[in-house]
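Residue numbers (the working numbering): 2 to 147.
Ideal placement from N, C-alpha and C gives every residue a C-beta, glycine not left out.
Take a look at the structure below.
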């Protein structure tokens, strides 16, 4: 299941039609969408049940997928058209893909939370009874403690 559609990708471009005769075919575009959706799932699967289904969380991952696919299509179109500037809207020296992957890493590390996505039970790793019961360890200096 892809997080965005070919129609959504096409709407990001002016006068572009994906089909069997274009610079990028429908099959290629579908492949890009599936690949980037899988990458998103691989990041999110560390903390969340995938595929992401919550409405708000789905909007977030849909936008991430759309941005990644659009960047891929822009690069291909620039190369196939002979345009030296791959993206005229992006300042020189920036890499938008890096920012998107940083956002995925933040989702994986729970710095950005997908509010209505289902967390994997026990996502915090190995825990103990004392940790779960909010027990505070008391350590003393210069005494034998065990």
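- With contacts defined as CB atoms closer than 9 Å, residue 9 and residue 63 qualify as a contacting pair.
- Rounded to the nearest angstrom, the gap between the Cα atoms of residue 105 and residue 142 is 43 Å.
- A Cβ-Cβ separation of about 6 Å places residue 115 in contact with residue 108 under the 8 Å criterion.
- Comparing C-alpha distances from residue 56 to each of 119, 145, 139 and 23 shows the shortest one belongs to 119.
- Distance check between residue 3 and each of 58, 73 and 37 places 37 closest, using alpha-carbon atoms only.
- Around the beta-carbon of residue 61, 16 or more other beta-carbon atoms lie within 10 Å, marking it buried.
- The C-beta distance from residue 117 to residue 58 rounds to 5 Å, short enough to meet the 8 Å contact threshold.
- Note on residue 71: 16 or more other CB atoms within 10 angstroms of its CB, so buried under the neighbour-count rule.
- Per DSSP, reduced to three states, the secondary structure at residue 120 is strand.
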